Structures are given as structure tokens and as C-alpha cells.
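Asks: So the sequence shown is numbered by full-length UniProt numbering: it starts at 1 and just counts up by one. C-beta: ideal position from N, C-alpha, C; glycine also. Remember, predicted model here, so these are calculated numbers, not experimental data. Can you keep this structure in mind? I'll have questions shortly.
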Amino acid sequence: MIVTVTAISINNRVLFLVEPLSTLKFDIHSAASSAPAPSPSMTQADSNSTAEFGTDAHFQAFRAPDEKEHILIPVVLHPTLNEPYIIWSDITNCFPETRRIQFRNVYVPLLRDTRLYRVKPHGIKYHPGIVLDIIYGKKSSSVNNSKKNRAGTTQEPAANVENHAAGAKPDQDWSNSAKAKKEENFSDCIEGGSGARIQVMVVDDERYENGKDNDEGDHAEEKSEARAEEQEEDSAVGTDAMPHESTVQPTQQSTEHSTEQPAKHTAEHTAKQPAEQPTQPPTQLSIQPPTKQVALTSVSNLSSALDTEEAKAKEQSLQVQEMSVAHIHRKLPFSIEDVVRYRVKDILKARYSWSQHCGHSRFFCFLPRVMPTPTGEVAAPGIQSNTDFEFFDLCDCADVPDSIGDCKPHWIGKKINDSFYPVSAEDLSQDQVRGLLPLVGDYVMGVLEMLKYGVYVDRIPQDVAYRISSAIEYLESKGVRSCERFVAELSSSDPAVAVTESTLDQLPPIAALDEKALIELKDRLERYYNEDEYSDLYPFRTSEGDVRRMCESHWKSMWSDKELELTLEEFHDNPMSIESRYEPLFGIWSMRVKSLQRALEYFELAKKVAWMPVFTIWLDWDLTERDEEQLAGAVDLLSAAVFHVLARRREVTREDIRLGFGCGYSLLIGSALENPNIETFSLSTQEPNTEYDYHGYGEGFDTLQMYEPRSQDRIAMVERGVKGARMKAMLMASDMDLALETVPGLVGGYDCFSELRIGLIATHPDHITIKVAVADTEEDTTITRGDLVSFFEKRQWRDEISIVSSLQFERNVFLAGYLTVATFQVVLLKGGPAIRSLIMLNKHLKSLTLESLAPLYNPSQAYETCKQPLFDHPTIELFRITCPNEGPRPSTFAWRNPNDPDKMRVDIFCCRADDVEAMFQRYAPLIDRLEVEWLSSTDALALEKMARRKKRPLSPKYISIKDVHLMEPVVRTILQDVIAKGAMENVVIQGSIIPQAALLRNGGKEDASKLAVRLEANVKIWAQFLGAIRCKVTELTVQDGPKKQFLKEMELQIPMLPDMPRLKKLHLSCAAAELNLFKMPWLRLLLLYKGPRPQEVDPSVRDPFRTHALNVFAQRSQLSDLRVIIDLRLREVTMSSEDWKQLLPMVEFSQMVKFEVHQKNVLPKETLLQIADFVPMDSTVLKSFVVIDGKGTDDDTSAALEVKFGPPKLDGVERAFINLNWFII
């Protein structure tokens, strides 16, 4: 029987009037004009089956898998929307196991209002003339309803779980969900027989409890319904996406859910679940003669039934809460919102600490500066080649632990100039945006689609929607994949295919940005917060340690005590704390206090405002031991991202001496080490009566994020990076050996550190650093006093223990035997015995570097002093001696594998004043690498002698000569002879003819004529030296003069073919203003000879130069060791279009690894496009291809290049860096 329900309110009590539909006049065509009239067309089955209801009745046809005929359900007029619809409870009564309604592969949703909330009474829109499909699915165990049939059998009242009973995640707030379910229709009870009595219970908790119908109740109902809907959609998608009611995950880049506990709950729940009662198949709907029996039910009569149903719903909710999401799989086709929700789930899981984030919100995007065209006007051109973008942040206020209310990330722009919104950073050009796409393209696309479809975020203002759609289209044109495009492509390939869980594998979730990507993003945005580019987003540190950026309204809503902010602002109104800085926009509260009581008040207040990231306190009085104990207790209770302490110098206490802390304050330092809620801690000493700049922001965010005190006398620094993570600590001690024993005991062992550095107060550069490697087994923290060797032995020497010191070896701390890497400043002539003791006592030493304090010494003598201990040492891999010289790089002599004569090799880098004669004589056959910046004639003669001897001669694999024109003639002759006759694998010639030409031994100045003469002499030396060894050179790096003196001098050399056949690296700098660089036949012939193969040269060109080149190619084909140039760099050159036309065909780009040209003149568009044709996009060896003129490309050139290369490749594969005048591919 079809009925209508009318609700009547009398004295705040709601009565329900239930009458048969046949007693009322129902004409769907007489509805309000706002309601669309349904089409009169119906299927033949519809018209035949409904004749008895009259012409004004309309029915929706449904097709079910277990029904032979179409089932017709009457259409009624919605009381709120005034539209024809089918009541959802009618559908579920006829088809109890309904999961969804669809037409072919199109999902039919429930009716929604303009805000996209589902409208009560629930139902679906009337679709005349079509047959809708009923899709069944296995009921979730959370639904306790028994199946109903259409034969008129009596049924028990049960909670009518609406639409999708897909289950829920363990961390949902089911108190809200239960309320939402309670507000829905619980059940319709149909009794058989002539007197069918229908009892309808539609209850609104809020209205009955408050006794009135207010807007606040409606709003709460809509929010509860929206949350319930999002939870259903989340679980239906089958992802771990985080709903806004879930508890916050720990601070990590990504969060993994534990599966053991949900599995246990699921097993228990399955054991308790009763077997589902069998049901008979539904029969044809029986229509009884209409009766006029009316049931009036008051609210007082419904209260007991309502309590019963509420208890049932709550019990079912708790049962569902115990189920794991992993056991629930949705087979429905997904909507575009589902796909977006699935793809951005990792973005919502991402958490960033204060040290990880880079000053902007977790949700950010960039939008073009375009606006929608008013109706009636010509359409706007959209994004053009000169359209700029703006960087925007969203308020990240959702899912904050212990927060009051329900918030979603939202748009925070404010209109200015009736056009655009203020930006949170600088404007971005399209070139900048293109450069950011490989880094954050997918991430920004995810945020844009969250905004467009309202997934996890509040919907955007209407005037911003156009800009977001334009930004999505722009990113799509650059190769960034969108969910909308994915769904469209899937439908276009096969219209019958719907988006399901299996097809989502083709669209992987967007990865959250890691710390490295955030740092690179910060560098590219170039944001400076001491200017007016800082967004109005307040940093808020949650109880889990991650930092959110919020708008001022939501930031203040997180305060449990609204009076705290006023207390913070007025805290400086006290003689004991007159200097302060409270800036919530920057997340810092600094204070200079002059008494213990005021300091304790500061700490007490800091505990209450734990969401403030940075605290700095200056303890500006002479602390007693008792004062420190009380302050240490306050530090134990503090939670902060950064906590800086400044204090006056003071005498050490007994506790300081026991721990080896000669600077004092061991109690404060120990509290900071033990407190995992402090991510960064520093303690510095500051002299009294000095000033401190509380308002200096520094330059850039790196300085800003720490707000480090200006004092340089730091005695402690502890960095965790993330709350509860392992520490990187730096501590100053008076006894390093003692501190290494005592400090780990303060925190529970070495495994609590990632790196521990103990410095010595007497000389700040001296320190021991331990890079701690954590083992799988539990750490044994027992340390015997004075026996660190046994302790590290228990740790199986897995840690790297290095020392850098300038002290004498007599100190026992350096001879303790636990070092693995050591660097000492020594006087080699006096330190022989101490060096030998050091090597013998430290049995696990791998590397020893001795920095000689005296510039004149014999390195071979130092090695011979330690030769036997090194040979007997079981683990030594490197023994190195360095010495300062006139250049930026110290002279270096290294012995690799000194404990194995068969593997030992020697590397030498010698400069002026080095005595290397003995090195050549003693280690000639072992020298593997020889780098010469200067060589005396005596050393050169020893080199020549060792190279000529027949038995075990000097024959290095690598030799490098720098600034050959500065050496004596005899030295140059010996070097070129050794190179020409040797079998070196790599011969490197490098230097500059310009700066050294103006240097005099007496430090005076030369006039222009003398300078020109010296410069000419220099280039002659270069040319002659290269001419003698041209067949051996593999790398050539030259800085030429402004008049191309080097290139011109090379023209005068006797031609030799083939020329430099082994050359593979050519770097040429030529600060010349002249054009036609390749008019120089030597350079042109060299590149042509090293270029493409002969068949690629056009033989029809009757050019004497090319004819000569063909002869070169004929000789080239007979060479077995011919190498092409794989590294070509031209800097400070002036290149004409003609130069480029000659250069490009002469380069073998298929084998090029690095190609760079930095020219001084402007690069024309046509020339740049010609260069673009030679970019080897498919090369597997290319690392960089750079051509720039310092000016950049204009919009037309950028557009032409984009047409040629298309969008940037964002598939995650590491590709070459290609920069065509700052058009980066």
C-alpha cells in the first residue's frame, strides 16, 4: 500500500499523519514551476502495469538480477526540493541487499542540495523512460538488518543503514557517525492482512532535545551527514586516506598502519557474529485495498523505541570500528571524487617537522593571473605565453590532535583591486613554473583537484574556480596527469569500462614531498621573509610534533585558553623581563629574564603554548647550582621545535666535573638530551651587559627557522629534526675521553644518537665525532670507566670514530685505542714516536692524515718513520700527509693500502717548495697519480731518471700539468719528454695565460708593453709544449686572452695529423669581443677531426678546408685509439650565427656527455631553434646540454621551443639537464 506522511508540530511536539496515497490528489504535473516536469514517455511495461493507479501516477522501473520482470516503484514529490523522486526506503524495502543504483555504467546518486549535502528524506531522482539497474552486494557485518521480502511478512524494526554500508576505519569518530545514522529513518514495518498499519519514525535528536527547530541543529546535521558520507567513500575506495575525524599519525614523511590489532578485533568479531538468517526470494508487491486508518504517534511514545534503536546503532558502530579497512573491498565504479581521494591520500598522510618544512603550507599551488570572462563578452584568451602565475598556500587546519571543532583545509585569498588575490610568495613566470613541474607538478595537480572537487578541502570561491580549472589545463598540457583526464581516457577507450579498484593501479598515488624536494622548492622560490612576501599563515606545532600553517582564525581557534595570547603579549611588562620578542606569525617567543622566579614563569607559560615552535630565553643572572636544578626540571617538561638558552659563564660544579663538562650547565644539557619532545636545543654563553637583537630575521629561511642566538660561544647543540628521533649532538667538554663515557649514560646508550661530537674547550677545532651505526640487537650500555675500547669491541666496531686535533700526541685521550679515522696537526720532525704509538694502539684505524705545520719537509721521511707500524696494521687503508702552500689546495702525498705491498699505490700533488726528489726515487714504480703545479729542476731530473730506468720505472696512469709557462725551461723539457715517451692513460693540461702574465717575482707592476711581451711569451710556451705532446693529451683546459692569443699561436705550430687523437675533454675560455670564433683553422680543424664520421661530411662542397678535412678522415679511419670529444665547454666566448652553423655539424652529439656554451652576445631565436635540432634527446650518456647568453629567452622563443620539445618528462626517470637559454627541458 502506498502512503503519504505529514508531520504536524503542536506545542513543540511532532505528530505524524499517515494516509493512503489514493485518498490524496497527487498530480506531479501540478508541482511548483521550479520543479522539472517528468517526461510522459514510459516503457510499455510501465504503462501496462500501472493502469489501475490512474493517469496522474508515475512509476520508476527497476531491473534486479533475481527478478524476471521490471519492478515499478511509485514516484512522489520531494517536500524540500519540490522534485519528483523515489524514496530510498521504498527501494531498500523492495531490494534489501541494494548496494547502488546505476544506469548501464553510470552511478545514480542520492538527491543533493546546492551545497552537495544529501537531502532528507533520502531518495534518487526520477528518470522517466529508462530502467534503472539494482546492484546487489554482500552486506557489511556492521549492518544487523534481516532481509525483507515483499510478501507482507512482519519484520522487526532495525536501523536502516543508508546507501553504502562499506565499513569504517579503526580510527574514526563513531559518536558522530552514530548520531548521523540515528537521524535517519530507522525502518518501515509492514504488516500483512487487510488492516495494514504503518508506523513511521523520523526523529531529529537535536530538535527534540532542544525543543525547537534552530539553524544550528540543521548545520550540525549537515556536518554529521557530510562526515558520514566521506567516511563511507573513504572506506569504499579501499585506501588509507585520512578522514578529518581520525587521530593524527606520528610525524613522518609517510605513516604505516599497524595490522596486528585490527586483525585480532576482526577475528573476535567474526566469532561473535550470528549466522545470517536465510530469506525467501522477494515476491510481487501486493497492493491491498486502501483504508483510512490513521496512526497518530507522539514524541513521548517514541522515546523508548528511539533509545533502543540508538543503542543498537551504537553497538553496530562499535562492531564496525573493530574491522580493518583492509578486509573491505568496494566493487562499485568510482566517481571522479573517489579517484582524487585515492590519489592524494599520501599527501594527507605527510607530516613535516619545523626543521623539515620550508615556510609554506603542506597544501600549496600556483594559479595563473587570469580571470573568467563576464557573461556576454568575448571569451578570454586564457593562459598565454606571457601569463604569470601566483603561489598560494591553503590553511592546513584539518585533523589537528585535541582541536575543537571540525575544520578542513581551505582557501584564504582576499580580493584586492577587484581582480586578484595577494600572493604568499613572489610572482612566478612560466619559465619558473616549468622548472618546478618536474619537482612538484604531480603534487600541485593533486592540490588543484582537491580544490576543484572539494575532496578533503572546503570548496573554493566561484571566482577562483576558473583559475584552478585553467591551472589544471595548463599542467595537463605540460604532461602532468590529472584524475579527470585519466577517467576520460578510460571511458573513451571502452565506454563500458568503469573505474574500479583494479584500474586505479594505472594511476598511482601522488608521493608526498620529501625533505630534499622541500629544500629545492625553497631555493627555487627564493623567498625572503624579512620583506613583505611572508604569507599570513601562522605556524602551529601539534602535539605529535608536526607543524601546520593556518590562517589567523583557525590558529586562534586551536587555543584552549583564549587569555594566553594576552599573557604572552604582556609578559615583558615586568622589570625582570623587560626585553622580549613575541611574533606568532614567525612562531617565536624570546625573552631576557633576570631572576629565577621569572624564568620559571616563562617555562610554565611555554608549556601551555606548546604549539609555538621556537623559544629563546636569556638567563641574565649568575645561576647557582640550585637554580640550575630547578630550571633543568622545567626543561624536562618542555615541548618545542627549537629551544635556545643563553647564560652567563660560571664556575663548574661537581656534577660538571664528574661528567667531563668543563663549561658547566651539565644539568640543563642532560635534561635537553633526555627530553625527546625538544627537536633542537642549543646552549650558548653570553657576557652580561651586552645587547641582543630580538628582531633580526636573518636572510632566508635557513636562518629564520632556527633563530639562532648571535653568541658564538656555543657549548651544546642537540638536533633531532623530528620529535623522538635519534640525536645529532655537539657538546663541549674539558675531558673528551670522560665525556664519551658519561654522555651516552644520560640518554640510554649510543644508539640514541646518530652522531655525537665532543669538542674540547681549550681549542674549539679539536673534537671527536662518532657516527653511530645502529645494530639489530639490543645495545649493551655498560661502560667500564677508562675502557672504551672494550665497549666499542662489544659494538663490533661498527661506528666511525674520528678525531680532528691540533694538540700534542702525549695526551692519553688520543692514544686510547678506539679511533677509526684521525687527522692531526703535527711537526713531522718531532712527532715520529707519537705517530707510531698512535698507529699501534688504535688497532681499528682506517685512515690517518697528518697536517704538517712546517712548509718545508720531506714527506718520504715521514712515511719511512711509520712504515713498519703501517705495514703491520690490520685495518689501515690510507696514510696521508698534507702541507699548506701558496695556492688554495694544500700539497698532498697519499699512500693507499700501505699494509699490502702488492696493492699499495702512491698519489702526489706537489706545488712550489715541495721536496719530492726522494718521493720519485723511493716510490717511482708505485706512483699511480701525479699532479704537478710546480716542480724544481732537481725534482724534475729525479723524475726523468726514474722514468728512464728499465726496471720498475716511474709510469703513472694519470698525470696533470698546470700553468706550464711558470716552470723553468728544463723542467718543461723533461715533463714533455716523460709524457711523450710514457704510457699514461690520462694526460691533463690546464691553466690560464692571463693572471700569471702580470705576476712578478718581486710583486711589482708592469706597464702595458711589458705585459704584452710577457703574454706573448706565455702563449708560445703553451703552444710549443702542446705541440710536443699533442698525441698524448686527453684533457685540455685553457683560459685564453681577450685577443685569442692562444688560438692564434696554435695556428703557427707545425701541422700534425692526426691532431690530438686521444683528446676527449676540451674546455676553452676566451673573453674576446670578436666574432667568428671558428675562423681559427686550428680549432675548426680539431673539432672537425673529432666530429662525425667521414660519410656524414658533405663531399660536394668545394672548400679547401673541407678537402683537407677529408684527408684527415682518411687517416683517422686507420687509428685504433681514436677518441671523440665527450666534454666540450666554451665559456665567455662571442658566438655569431655563422659560428654556430660551423660548430654544430662538427660535434659528435651521439656520444656527448657534457656540452656547455656560455656566450657573451645575444643568442637569436633562429639560432637557438637551430641548436635545439641537435639536442640528442634519446642519448643514454648525455648528462648536460647548456647553451646560454645570460639574457634568457623571450615569450615567442619559449613558445617555439615548447612546440618542438613538448611538455617536460615527469615519469621519474633521471634524465639529462638540458638548458636552452634558461628554457629548461
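How is the beta strand (DSSP E) around Q1159 delimited, first residue to last?
Replies: Here the beta strand (DSSP E) through Q1159 covers 1154 to 1159.
Asks: Could you spell out the range, first to last residue, of the beta strand (DSSP E) harbouring P84?
Replies: Per DSSP, P84 belongs to the beta strand (DSSP E) from 84 to 87.
Asks: According to DSSP, what are the bridge partners of T685?
Replies: According to DSSP, T685 bridges with A647.
Asks: Please state whether the Cβ-Cβ distance between L568 and R549 is less than 8 Å.
Replies: In this structure, R549 does not lie closer than 8 Å to L568 by Cβ.
Asks: By the 10 Å Cβ neighbour count, where 16 or more other Cβ atoms means buried, how is F893 classified, buried or exposed?
Replies: Under this definition F893 is a buried residue.
Asks: Indicate, with yes or no, if the ligand GTP has a heavy atom lying under 7 Å from the CB of E604.
Replies: This structure does not include the ligand GTP; it has no bound ligands of any sort.
Asks: Assign A854 to buried or exposed, taking buried as 16 or more other Cβ atoms, counted over all protein chains shown, within 10 Å of its Cβ.
Replies: A854 should be labelled exposed.
Asks: How far does the beta strand (DSSP E) with A894 in it extend, from its first residue to its last?
Replies: From DSSP, the beta strand (DSSP E) with A894 extends over 891 to 896.
Asks: DSSP state of C94, grouped into three classes?
Replies: Reduced to three states, the DSSP call for C94 is helix.
Asks: CA-CA distance, D1194 and R1131?
Replies: Answer to the nearest angstrom: the Cα atoms are 22 Å apart.
Asks: For G435, which residues in the same chain have their Cβ closer than 8 Å to its Cβ, ignoring the five residues on either side in sequence?
Replies: These residues qualify, in order along the chain: R524, I1224.
Asks: Rounded to a whole number of angstroms, what is the C-alpha to C-alpha distance between L1083 and L1047?
Replies: Taking the straight line joining both Cα atoms gives about 7 Å.
Asks: The alpha helix (DSSP H) that contains E800, what's its start and end?
Replies: Element bounds for E800: not the alpha helix (DSSP H) but the beta strand (DSSP E), 800 to 805.
Asks: What number of angstroms, rounded off, separates the C-alpha of L1220 from the C-alpha of K1043?
Replies: Whole-angstrom Cα-Cα distance: 28 Å.
Asks: Given a threshold of 16 other Cβ atoms within 10 Å of its Cβ, counted over all protein chains shown, does K1032 qualify as buried or as exposed?
Replies: Classification of K1032: buried, given that the 10 Å Cβ count is 16 or more.
Asks: Which residue marks the beginning of the alpha helix (DSSP H) containing Q356, and which one marks its end?
Replies: Element bounds for Q356: n/a, residue is neither H nor E.
Asks: Do three or more CB pairs link the stretch 678 to 687 to the stretch 752 to 763 at distances below 8 Å?
Replies: No: the two stretches stay apart, fewer than three of their Cβ pairs being nearer than 8 Å.
Asks: Compare the C-alpha of V988 against each of L1066, S666, E877 and name the closest.
Replies: Cα-wise, what sits closest to V988 is L1066.
Asks: In or out: G123 buried (at least 16 other Cβ within 10 Å) or exposed?
Replies: Its Cβ being crowded by 16 or more others within 10 Å, G123 is buried.
Asks: To the nearest angstrom, how far is it from the Cα of I959 to the Cα of F879?
Replies: About 21 Å.
Asks: Counting pairs of Cβ atoms below 8 Å between the stretch 927 to 940 and the stretch 969 to 989, do you hit three or more?
Replies: These segments touch.
Asks: What whole-angstrom Cβ distance do M717 and F753 have, given they're in contact under 8 Å?
Replies: That pair is no contact at about 13 Å.
Asks: Using the three-state DSSP reduction, which class does I130 fall into: helix, strand or coil?
Replies: The answer is coil: DSSP assigns I130 none of H, G, I, E or B.
Asks: Sorted by chain position, which residues of the same chain lie with C-beta nearer than 7 Å to L667's C-beta, five sequence neighbours on each side aside?
Replies: Closer than 7 Å at Cβ, skipping near neighbours: E628, E629, A632, E655.
Asks: Alpha carbon to alpha carbon, what distance is there between L81 and L132?
Replies: Between L132 and L81, the C-alpha separation is close to 22 Å.
Asks: Give every residue of the same chain whose Cβ lies closer than 6 Å to the Cβ of I835, excluding the five residues on either side of it in the sequence, and list them in chain order.
Replies: The answer, listed in chain order, is C866.
Asks: Between D532 and D427, what straight-line distance do the alpha-carbon atoms span, to the nearest angstrom?
Replies: With a pLDDT of 42 at D532, under the threshold of 50, the modelled position of that residue is not reliable, and no figure is offered here.
Asks: Give the straight-line distance between the Cα atoms of L1122 and C911, rounded to the nearest whole angstrom.
Replies: C-alpha separation (whole angstroms): 33 Å.
Asks: Taking the straight line between their C-alpha atoms, what separation do you get for S595 and F540?
Replies: Using only the alpha carbons, I get a separation of about 29 Å.
Asks: Report the three-state DSSP secondary structure of C866 (helix, strand or coil).
Replies: It is helical.
Asks: Cutting at 8 Å between CB atoms, please list the residues of its own chain near D561, excluding the five before and the five after it.
Replies: Closer than 8 Å at Cβ, skipping near neighbours: K608.
Asks: Within 10 Å of its beta-carbon, does E968 have 16 or more other beta-carbons around it, so buried, or fewer, so exposed?
Replies: It is exposed - the Cβ of E968 has fewer than 16 other Cβ atoms within 10 Å.
Asks: Report buried or exposed for I101, applying the criterion of at least 16 other Cβ atoms within 10 angstroms of its Cβ.
Replies: The residue is buried, with at least 16 neighbouring Cβ atoms inside 10 Å.
Asks: Relative to the C-alpha of T1034, which candidate in S955, D1127, K945, V1019 has its C-alpha closest?
Replies: If we check each option's Cα against that of T1034, D1127 comes out closest.
Asks: What residues match up with L1011 in a beta bridge as DSSP calls it?
Replies: Answer is none; L1011 lacks a bridge partner.
Asks: Let me know the secondary structure DSSP gives F186 once reduced to three states.
Replies: Unreliable positioning characterises F186 in this predicted model, as indicated by a pLDDT of 25, which lies under 50. A coordinate reading is not provided.
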